[in-house]
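Here's the structure, in structure tokens; my notes come after.
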Amino acid sequence: MKTGRAVLRDGRTAWGLALLGGMALVAILAPVLAPFNPIAQHDILATRFLAPFTRDPSGAMHWLGTDNLGRDLLSRLLYGARISLSVGLLAAGLAAAIGTVIGAVAALAGGAVERALMALTDGLLALPRLVLLLAMVAFLTPSFGLIVVIIGATGWMSIARLARAEVHGLLARPFVDAARVAGATPVRLLFRHLLPNALTPILVAAALGVANAIGLEAGLAFLGMGVPAPAPSWGNMIATGRDALVQAPWLATIPGLAIVLAVIACNLVADGVREA
Amino acid sequence: MVLRLLTGLALVLAVVTATFLLINLAPGDPARLWVGPGAGAAELAAARHALGLDRPLLVRYLAWLGHFVTGDWGTSLVLGRPVRQVLLDALPYTLLLSAASLAVTYVGGIIVGIAQAVKRGTAADTLLTVATLAVYGMPSYWLGLVLVLVFAYVAARHGWPAWLQLPALGASGIDAAFLSPWGKLVDRVRHLALPLATLGAIGIAGTARFVRGAAVDVERQDYVRTARAKGLAPHVIELRHVLRNALLPVITLLGLSLPALFSGTVFVETIFAWPGMGRTLVSAVSARDYPVVLAATAVYAVLVVLGNLLADVLYAVADPRLRREGA
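Residue numbers (numbering that gives the first Met the number 0), protein chains in the order written: chain A, 0 to 275; chain B, 0 to 326.
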């Protein structure tokens, strides 16, 4: 079992966590940091498509310019971080919880239960996740909660496989027999002895899961099937920017850089924890 | 093998059943969509009857399944054309794009990953590690837009050579019907360039990260140390001992990466107006064209199952240990 300090000593994890922490802080402080209201539109014709580092007629500075409706891009980016990061973390957390439970139950139960659960896992794992998500949003009305649930519900399979393999490995260890002989119930065995020891690989997979969830949320928003407008999300900002790609290239490119940064941060954390 | 085929069929059945249930249990009435908001109650009832929506769910499911397996996938509510025709028109485009990206991804990714593993710890390795991580982190729809910006607009504005000015939309130019066979091929390749570059770049980055990891793992194995101790030339060790063993997990990755590849094609087809299954699916989802959504989901499931079978066969060919076990 690696200690937190050993994990942090790996530079990648420290960098990744610092990046993610910084982004989370910015998201939380968005109302304080954002220079403008992210959805307010004033005098659209005079303020739309302003380039980065320009002032609008009222003299206010738009550090990253404005979009097609004259909304401040920096403010939208900061508020957008709230949706992207919270969907990413919540959906990946949900996926990790479902996956851990299913994997651990399969390993502990064995027999037909295990075979059935793993068949379900492998089956879902073999499907294009975006196609599953699209099939779901096609007939359900997208909302913040629905997006979290469907991204979480389509992302637990790799974690279930990991958790099952880890628990199987641990079940062969003497300390588990000792706990059993001492009269530990299956639930206690699972939570006190098995899961704590299976934590590292699950954390690695969960960190990658956050990256995937952020990308998928943005992707759905990009296709116009994410958290409904006018709430800014990095994905729907890219979609807006796409319609003005030539006129205002910063609109599509800057939110994409934010996604890339978040995904890199998650991967750094995962790489660091894996090799610590 | 037979078992895998049956499992695959069960998976496809499960997918279409789940999608069918989702569609039929979700709020929203396809009949209402069909007749339009202005229709009266009688017209709505007639539409419900025509679409079979007035029958019990199980009856509808069995009837639908019967039609489905015999290739009758219904009529698109939006396009008014048989769904089978809509998807069969789109399928070759998706297959072309997917097969081309798979080829580019694996050739490029293996070369980069092995090169990194051989030179590991050097500045070039570190640089490539950072670069592949950055590219791997790029959403395909975003990288696609950036490439369009560069190769369609910037290239035209700054008068780059003609072969670098690439079309951003569609699978062929408007004059394609009048081109010679050779001209048609060039036209198709030029239209394929940006979608392929998008999927290829992200795929190469992901595969290179994986191959580098696998190769570094193999380098730590005892048999590699033995080979070194025997005094074998470094390039012999890399080719015979490291590469061959590092490529085994890569074949597994082939099967595992198909779902992600198809997810990628959905975005890329949408960005580049590439007339494939992904674009069809996205339009169908936007328009709630449920027969198309159902059938497209099923076709994707079939493609993935077939791809996984192919990966299994490749694996058995590549690893003799597995062949004996599986016999």
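Note that beta-carbon positions come from the ideal geometry of N, C-alpha and C, so glycine has one too. Please read these numbers as outputs of a predicted model, since none were measured by experiment.
My understanding is that B/G112 touches B/F209, with C-beta atoms under 8 Å, so please give their C-beta distance in whole angstroms.
7 Å
In whole angstroms, what is the alpha-carbon distance linking A/T239 and A/A106?
47 Å
DSSP three-state assignment for A/M60, whether helix, strand or coil
strand
Count the other CB atoms within 10 Å of the CB of B/W141; is the residue buried (16 or more) or exposed (fewer)?
buried
Between the C-alpha atoms of B/G233 and B/R227, what's the straight-line distance to the nearest angstrom?
Note that residue 233 of chain B is Pro in the sequence shown here, rather than Gly. Using only the alpha carbons, I get a separation of about 8 Å.
On the three-state DSSP scale, how would you describe B/R47?
helix
Span of the alpha helix (DSSP H) holding A/E274?
249–274
In the DSSP assignment, find the alpha helix (DSSP H) that holds A/Y78 and state where it starts and stops.
72–108
Between the beta-carbon of A/D55 and the beta-carbon of A/L63, is there less than 8 Å?
no
Secondary structure at A/T53, three-state DSSP: helix, strand or coil?
strand
In chain B, which residues lie less than 9 Å from A/N235 when you measure between Cβ atoms?
Within chain B, no residue comes near A/N235; the closest Cβ sits about 12 Å away, beyond 9 Å.
Does any CB atom of chain B fall closer than 8 Å to the CB of A/N266?
yes
Cutting at 7 Å between CB atoms, please list the residues of its own chain near A/L145, excluding the five before and the five after it.
L139
Neighbour flag for B/W159 against chain A, beta carbons, 8 Å
no
Just verifying my parser: in three-state terms, what is the DSSP assignment at B/P81?
strand
Evaluate A/H61 with the Cβ neighbour count: other Cβ atoms within 10 Å of its Cβ, from every protein chain shown; 16 or more gives buried, anything less gives exposed.
buried
Given that a residue counts as buried once 16 or more other Cβ atoms are within 10 Å of its Cβ, and exposed if not, what is A/D242?
exposed
Which value, in whole angstroms, describes the spacing of the CA atoms of A/G10 and B/D288?
50 Å
B/S285 versus chain A: which residues are under 9 Å apart at the beta carbon?
A137, L222, G223, M224
Can you say whether B/L8 is buried or exposed, counting buried as having 16 or more other CB atoms within 10 angstroms of its CB?
exposed
I want to see whether chain A comes within less than 8 Å of B/S262, judged by CB atoms only; does it?
yes
For a contact defined as C-beta to C-beta under 7 Å, what are the partners of B/V14 on chain A?
L126
Interface partners of A/R241 on chain D, CB under 7 Å:
The displayed structure is made up of protein chains A and B, and chain D is not among them.
Rounded straight-line distance, which links the Cα of A/R128 to that of B/P258:
7 Å
Going by DSSP, what residue range makes up the alpha helix (DSSP H) through B/I250?
243–270
Could you compute how far the alpha carbon of B/S262 sits from the alpha carbon of A/V130?
7 Å
Is B/A192 near B/L165, with beta carbons less than 8 Å apart?
yes
Inter-residue Cα distance where the pair is A/G208 and A/G214
10 Å
Quick check on DSSP: helix, strand or coil for B/T69?
coil
Give me, in chain order, the residues of the same chain whose beta-carbon lies closer than 7 Å to that of A/L16; leave out the 5 immediate sequence neighbours on both sides.
V268
Out of B/G37, B/L96, B/D53, which one is the CA nearest neighbour of B/G336?
Residue 336 of chain B lies beyond the residue range present for chain B, which begins at 0 and ends at 326; the question has no answer from this structure.
Here's a check: name, in chain order, each residue in its chain whose Cβ is nearer than 8 Å to the Cβ of A/A59, leaving out the five neighbours to either side.
P34, F35
Determine, using beta-carbon pairs with one atom in the stretch 290–299 of chain B and one in the stretch 80–90 of chain B, whether at least three such pairs fall under 8 Å.
yes
Using the C-alpha atoms, what's the distance from B/Y222 back to A/I149?
46 Å
What are the residues of the stretch 263–277 of chain B that lie near chain A, defined by any Cβ-Cβ distance shorter than 7 Å?
V265, F266, T269
Taking C-beta pairs closer than 7 Å, name the residues in chain B that A/P248 reaches, listed in chain order.
L148
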